[in-house]
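Colleague: Numbering (this note's numbering), first residue to last: 20 to 343.
Could you have a look at this structure, given as structure tokens, before my questions?
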């Protein structure tokens, strides 16, 4: 595969448009090029806006001894981590001749950018953007909080600058929270995939650390330590209804099937930490309940607990406690 074809493949990956075969090619290439560091990363190149980016996928975040509740969860429980390489341009100063909107008089102010992107700016927040975007990128600067519904344009990534943190997408919806007085910056994803990276700290050579987020995931950037901390949004939203649109009422249902349904509905990985849960069953009504309430009910029924670690939910305990 030549460089141009490889760049196009990575654009498709970021946009979530890869076929299973293309995903397999990326992972096979990752396996060949990844070293044996404690958190192995796979470099991938992509090009846009005069920058050469290499993406790394963390392919073995959790110890192999942990049991995942399905083969798909085994693949999906990967925390996708990226490092951006060969940044050929220094960070640009805030747009000098741009439009600056400062929302001082309403709870929410909507701004329609020239490319069709809709920005909902929270009160007290400020957005700076050019009257017309450049040919190769759409760049804006935010202070405060805004929800972005980005018009898809594969030829021009949409880039949000918030201090040292850069958020880059092709077309998706997400929230950025970045107040001057706050100790951290937060990005939450509603739809699509979002690349977030630290524009200030380099981890060796010309690399910049970052992550790719998917729906119901968030990243918190500590301004002091310059660390990126992945997590799950406080109230995960339904991103895909089950194909059969079955209700969440279960009668002696195998636990793995219950967890698979939750995973498909919210796009969040769930890991069983013990094989003692393999034969557990669940009976109950989880309809019209938020995810974490559903998880509480499931865990209580099998004498277990769950905790959030990064972008994954882990179920812990000694098994079903005789409830089978």
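Cβ atoms here follow ideal geometry from the backbone N, Cα and C, with glycine treated the same way.
1. Return the residue from the list 330, 297, 276 and 193 that minimises the CA-CA distance to residue 286.
2. Should residue 286 be counted as a contact of the ligand COA given a C-beta to heavy atom distance under 7 angstroms?
3. Looking only at C-alpha atoms, which of 305, 274 and 290 sits nearest to residue 321?
4. Could you check how far apart the C-beta atoms of residue 185 and residue 146 are, in whole angstroms? I think they sit under 8 angstroms.
5. Under the DSSP definition of a beta bridge, which residues are partnered with residue 163?
6. Do residue 192 and residue 168 have their C-beta atoms closer together than 8 angstroms?
7. Would you tell me roughly how many angstroms separate the C-alpha atoms of residue 203 and residue 249, rounded to the nearest one?
8. Under 8 angstroms between the Cβ atoms of residue 165 and residue 195?
9. From residue 122 to residue 137, what distance separates their C-alpha atoms?
10. Please state if the CB of residue 210 and the CB of residue 176 are separated by a distance shorter than 8 angstroms.
11. State yes or no: is the C-beta of residue 218 within less than 8 angstroms of the C-beta of residue 241?
12. Just to confirm my understanding: we take residue 199, look at its own chain, exclude 5 residues before and 5 after, and list those with CB closer than 7 angstroms. What are they?
13. With residue 327 as the anchor, note down where its alpha helix (DSSP H) starts and where it stops.
14. So residue 335 is in the beta strand (DSSP E); what residue range does that whole segment cover?
15. Could you tell me which residues DSSP pairs with residue 298 in its beta bridges?
Modeller: To lay it out plainly:
1. 330
2. Among the components of this structure there are no ligands whatsoever, and the ligand COA is therefore not found.
3. 274
4. Actually they are not in contact, since the Cβ atoms of residue 185 and residue 146 sit about 15 angstroms apart, beyond 8 angstroms.
5. 197
6. yes
7. 13 angstroms
8. yes
9. 15 angstroms
10. no
11. no
12. 162
13. First-last for residue 327: 323–328, but that is the beta strand (DSSP E), not the alpha helix (DSSP H).
14. 331–336
15. Answer is none; residue 298 lacks a bridge partner.
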